[in-house]
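Student: Counting in the numbering used here, the sequence shown runs without a single skipped number right up to 977 at its last residue. Just so you know, even glycine gets a beta-carbon here, dropped at the ideal spot from N, CA and C. Given the structure is predicted, the values throughout are model-derived calculations rather than measurements. Submitted below is the structure of interest, expressed as structure tokens.
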Amino acid sequence: MTTITHGFELLRDEEIIELKTRARLYRHIKTGAEVLSLENDDENKVFGVNFRTPPADSTGIAHILEHSVLGGSQKYPLKEPFVQLIKGSLHTFLNAFTSPDKTTYPVASTNLQDFYNLVEVYLDAVFHPLITPHHLDQEGWHYELENPDDPLVYRGVVFNEMKGVYSSPDAILGRAAMQGLFPDNAYGLDSGGDPRVIPQLTYAQFREFHTRYYHPSNAQIFFYGDDDPTRRLELLDSVLRDFDAAPVDSNVPLHAPFSTPRRLTVTFGADGEADLTRKSMVTVNWALPEVTDPSLRMALSVLGYAVISASSSPLRKALVDSGLGEDVSGGLSGYVRQPTFTVTMKGIVSADAGKVEALILETLEKLASDGIEPEMIEAALNSIEFSLRENNTGSFPRGLSLFMRALQNWNYGRDPLQPLRYELPLAVVKRRLAGDPNFLGTLIRTYLLENTHRLTAVAEPDPAHNQRLAEAERQELDAAKAAMTPDEIERIIENTRALKERQQRADSPEDLARLPSLKLSDLDRVNKTIPIAVSDLDGGKLLYHDLFTNGIFYLNLGFDLSGVPQELLPYVPFFGRALLEMGTEREDYIKFSQRIDRKTGGVWHSTYLSEVRGQETPAARFFVSAKATVAQTPDLFDILRDMLLTVRLDDRERFRQIVLKSKARRESSLIPSGHAYVRDRLRAGLTTAGWADEQMDGIEGLFFVRRLADQVEQEWPAVLEKLDAVRRALIGRAGMVVNVTLDADNWATVQPQLAAFVRELPERTAVSLPWQPSLSGVDEGLAIPAQVNYVGKGGNLYALGYTYHGSIHVINNFVRTGWLWDKVRAEGGAYGAFVSFGKQSGVYSFLSYRDPNLANTLKIYDQTAEMLRKVDLSNDELTKNIIGAIGDVDAYQLPDAKGYTSMVRWLVGETDESRQQMRDEILGATTADFRKFGEALQELNQQARVVVMGSADALHAAGETGRALKVTKVM
């Protein structure tokens, strides 16, 4: 008998034991929309809608529509309902993604009413968006012209976002590889948009794309968590019943296999004055047949980890040892219909691409014939199994991770529950491996060596690349303007004016009132605290957090960084890598790395640096962190003991490989993470902690690693002595902080093991060496070969006499989601704009991301003070910003993150009482607080320093506007 509830037919009702979850799959009878409803006790509720959206060209239509549908709908005709939700909800996730063949709209919240509000707004947004020509203009592209004699320019958020993407060598290579591997279907196009093609998109195409694909008959809808499962269907039917079923052709066909492997070469922007000899990259990619068997998918994942993804993988080792390049990555990817297998090497001589390809094939042939070491296979199995059982998705909601996993099948008409189950596929793979020692070798031969659907793509640096793009764009715009009549030019001027007027026009109180929102009375007045017990431990401190972790032991060993002399600080990250990647007295780095993967859930290193309010010296720690099941803890402590007491630092060749890998990764992160480098550079000129962080991981750290690569070759004994000096300064019990997160019953088992381990560490006299940083106050330009800018400005409010008050979090929410969103993003065309405040340091900073502007963005930053001094907020607007600030304070965390956060608060002296005072001040924020803070910002305008990362031309041009920057070439 068919079960029908609120217009939905129940297709399946099953338990997913691995997730302690009941899964029910429904079909909406009237429209055919499918719903996957997962029911469990997770308070972090998730909802999502997915549409299959294969593009027909590279105009970025799917991406631009993803931005635009969240810009007003029939029930909520606001400029930016999405921004109102960011500003005034308790969301734990709120975003949307465009993939090569699908567009996904997920939200999450732990507050039930807030969750329903988000669901309601998102449903109206995707099925009934306004999507006017102005939406395409703002989010996609438009001609901008304010005066008839001005040069015509392109503006648009996605246009500039994708200019940033196409400035990244990694992104250029990755896109070329995907498009070259699947030239004859949707994957051969760029769903995100190629900036050279985006201006071909018309409004008629834009509307038609929504009509065709954003229909319930083409939708997969997802719910997860502890909300009422029947209410889910009721909410959906109230929206879907207005539609009828419709045929939607959104299938991406399988690509015909290549008869022979193919090759292609692309270029990326580079500095013509730099040595570009070893700046090329090569990637070898295979398209696999569609995989419908979950055991085969699991086996291929194990294969990818064992062969290339782990630091101890044999193919990775062969490539690294060859000396042909600086960094290696790769593995299996399954986010499109046909999985791909990729091996990439960076930092090569372009002429050596063929050698890299030959070595990859030769090594795979050897592994297929001779097999893979049993220890490597065990390491791969344990790592994958631990990850699946832990289900630790960090700040990403667990439910959203499951939605994306389900879509690996669901988006292609396959079983959505299959990817959520792992026990049987894992057992099958273990059984196959036990019965056939060459099981993985057979997979290598079948899916890689005998698979001719292979592409080798090479990316080469070209100093003229960005200039060619800029000149082509300028010629295109000049030709377009020359072909326009005076009336057409006037219409563009009028459209520019009308768009700006719309962007600057405030939503009416009546329209704002339509948006469902929480009230202050819905908020908890009291902070949620994290349990912490502090005790002495052999010259250090033990911090213990009694939290349920599902039997996983989380450990952070915090060594005192303040005892490291300042000239040795840049060596600290490399000492951390050496601990993990150099091996020990009894094992080389391959065997040691395999042991970590076989016997634990992972071991890693990090640093933590923060000013402490009211204290001259910063909190400074070097962490070795780890996680393992309670049963694995004896092995974990053996590993940590070997690592900390017997690390081998004297293998010059291995250390050289580590340095080159670090150099390549830092350089490739510059363009994708330009705003983070600018932020750190700002802080480096304002605080001791910021300065120290910059020496290790910022632009100064990048300059250091380049020097270090030469020093390893020419002055190895001196380098080795410095590494050993770091070891002697760091490793010891004195002043150490040991942070443990685990439930009390299991802690009773682990505590004696931990105590015995700590006793074996050297005593080391605690020495604090005050660092004497040289803080730079000059305005800086950091030159990189990019088509966009990252603009920062900041200063220290405490130095100007500002006294911390919790209302600053409400004010920052308003500045970020209102003022900067409107001025820098919507009007200016930048992809993002942020403001941040360091409660311990007093550093207040503005940042923009993938920004076509420079001087105008700085002007907006400076206008923020005057805006706040004159602001007149309605009660509703103030309430929304208070709610958003509380949402940030109450950010959802998994147990390991809670334990780490509690430790950080202890390190900087932040008590539960001070945090409650902060919450009270947030809840009691007034318009007067905004205006008073505007006065503080006004003073900061005069004192703040500027750091901008962008092209050399853009940085030098800033001087013509009166903002002279000291320009440093970074790339």
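(1) What is the DSSP secondary structure of residue 300, reduced to helix, strand or coil?
(2) With a cut-off of 8 angstroms on the beta carbons, I'd call residue 412 and residue 431 a contact; round off their distance for me.
(3) Mind checking who residue 336 pairs with in its DSSP beta bridge?
(4) Is the separation between the beta-carbon of residue 374 and that of residue 451 shorter than 8 angstroms?
(5) Ends of the beta strand (DSSP E) at residue 843?
(6) Below 8 angstroms on the Cβ atoms is my contact criterion, and I expect residue 164 with residue 145 to pass it. Report the Cβ-Cβ distance as a whole number of Å.
(7) Within the same chain, show all residues whose beta-carbon is closer than 7 angstroms to that of residue 771, passing over the 5 residues directly before and after it, in chain order.
(8) Using the Cα positions of residue 539 and residue 760, report the straight-line distance between them to the nearest angstrom.
(9) For residue 531, does the three-state DSSP call read helix, strand or coil?
(10) Going by CA-CA distance only, name the one from 512, 594, 139, 121 that's closest to residue 208.
(11) Could you tell me which whole beta strand (DSSP E) segments of length 3 or greater appear in the segment 457 to 522?
(12) To the nearest angstrom, how far is it from the Cα of residue 684 to the Cα of residue 43?
(13) List, from N- to C-terminal side, the beta strand (DSSP E) runs of 3 residues or more that fit wholly inside the segment 719 to 750.
(14) In angstroms with no decimal places, state the Cα-to-Cα distance between residue 333 and residue 454.
(15) Return the Cβ separation of residue 961 and residue 789 in integer angstroms, given the expectation that the two are a contact with Cβ distance under 8 angstroms.
(16) Is the beta carbon of residue 718 less than 8 angstroms from the beta carbon of residue 662?
(17) Flag this pair as touching only if the segment 858 to 876 and the segment 805 to 814 have three or more C-beta atom pairs under 8 angstroms; answer yes or no.
(18) Write down the C-beta distance between residue 743 and residue 564 rounded to the nearest angstrom, noting that I regard them as a contact closer than 8 angstroms.
(19) Assuming contact is defined by CB atoms lying nearer than 8 angstroms, are residue 680 and residue 796 in contact in what I supplied?
(20) Roughly how many whole angstroms lie between the Cα atoms of residue 252 and residue 244?
(21) What residues in its chain sit with their C-beta under 8 angstroms from that of residue 665, if we drop five residues either side in the sequence?
(22) With H, G and I counted as helix, E and B as strand and the rest as coil, what does DSSP make of residue 19?
(23) Within 8 angstroms, do at least three Cβ pairs link the segment 84 to 92 to the segment 518 to 535?
(24) Within the continuous beta strand (DSSP E) that includes residue 43, where are the two ends?
(25) Does the ligand NAD have even one heavy atom less than 7 angstroms from the beta-carbon of residue 65?
(26) Are residue 729 and residue 781 touching if we call contact CB-CB under 8 angstroms?
(27) If you draw a straight line from the C-alpha of residue 342 to the C-alpha of residue 800, how long is it?
(28) Could you pull out every unbroken alpha helix (DSSP H) segment of at least 4 residues lying fully inside the segment 416 to 441, listed in chain order?
(29) So the beta strand (DSSP E) residue 102 belongs to, where does it begin and stop?
(30) Give me whichever residues DSSP pairs with residue 977 in a beta bridge.
(31) So, at 7 angstroms on beta carbons, what are the nonlocal neighbours of residue 814 in its own chain, with the 5 sequence-adjacent residues on each side left out?
(32) Express the C-alpha separation of residue 440 and residue 812 in angstroms, rounding to a whole number.
(33) Distance, Cα to Cα, residue 344 vs residue 24?
(34) Taking 6 angstroms as the limit between beta carbons, can you name the residues of its chain near residue 696, skipping five residues before and five after?
(35) Of all the options 830, 260, 950, which has the alpha carbon lying nearest to the alpha carbon of residue 60?
(36) Let me know the secondary structure DSSP gives residue 906 once reduced to three states.
Tutor: Taking the definition as stated:
(1) Under the three-state reduction of DSSP, residue 300 is assigned to helix.
(2) About 15 angstroms; that fails the 8 angstroms criterion.
(3) Answer by DSSP bridge pairing, in chain order: 349.
(4) By the CB criterion at 8 angstroms, residue 374 and residue 451 fall inside the cutoff.
(5) Residue 843 -> beta strand (DSSP E) spans 838 to 843.
(6) Between residue 145 and residue 164 the Cβ distance is about 6 angstroms, and since that is below 8 angstroms, they are a contact.
(7) Answer for residue 771: 740, listed in chain order.
(8) Approximately 16 angstroms, taken between the alpha carbons.
(9) Residue state, collapsed to three classes: coil.
(10) Out of 512, 594, 139, 121, 139 has the C-alpha closest to the C-alpha of residue 208.
(11) Within the segment 457 to 522, the complete beta strand (DSSP E) segments at least 3 residues long are 460 to 468, listed from N- to C-terminus.
(12) Between the alpha carbons of residue 684 and residue 43 lies a gap of roughly 43 angstroms.
(13) Entirely contained in the segment 719 to 750, the beta strand (DSSP E) runs reaching 3 residues are, in chain order, 743 to 748.
(14) Each residue's alpha carbon lies about 22 angstroms from the other.
(15) With 8 angstroms as the limit, residue 961 and residue 789 qualify as a contact, their Cβ atoms being about 6 angstroms apart.
(16) Yes, the Cβ-Cβ distance between residue 718 and residue 662 is below 8 angstroms.
(17) No, the segment 858 to 876 does not touch the segment 805 to 814.
(18) Beta-carbon to beta-carbon, residue 743 and residue 564 are separated by about 4 angstroms, close enough to satisfy the 8 angstroms threshold.
(19) Residue 680 places its beta carbon less than 8 angstroms from that of residue 796.
(20) Taking the straight line joining both Cα atoms gives about 18 angstroms.
(21) Here the set comprises 580, 711, 714, 715, 718.
(22) In the structure shown, residue 19 sits in a strand (DSSP, three-state: E or B).
(23) By the Cβ test, the segment 518 to 535 is in contact with the segment 84 to 92, since at least three Cβ pairs between them sit closer than 8 angstroms.
(24) Per DSSP, residue 43 belongs to the beta strand (DSSP E) from 40 to 45.
(25) Only the bare structure without any ligand can be found here, which leaves the ligand NAD out of the picture.
(26) Not a contact, by the Cβ cut-off of 8 angstroms.
(27) Cα to Cα, residue 342 sits roughly 42 angstroms from residue 800.
(28) If we require 4 residues or more, the alpha helix (DSSP H) runs fully inside the segment 416 to 441 come out as 429 to 441.
(29) For residue 102, no beta strand (DSSP E) segment is defined, and its DSSP state is neither H nor E.
(30) In the DSSP output, where bridge partners are listed per residue, residue 977 has none listed.
(31) Excluding residues within five positions, the ones whose Cβ falls inside 7 angstroms are 843, 939.
(32) The alpha-carbon of residue 812 is positioned some 59 angstroms away from that of residue 440.
(33) Residue 344 and residue 24: Cα-Cα distance of roughly 26 angstroms.
(34) Result list for residue 696: 689, 690, in chain order.
(35) Proximity to residue 60 across 830, 260, 950 peaks at 260, based on C-alpha coordinates.
(36) Correct three-state label for residue 906: helix.
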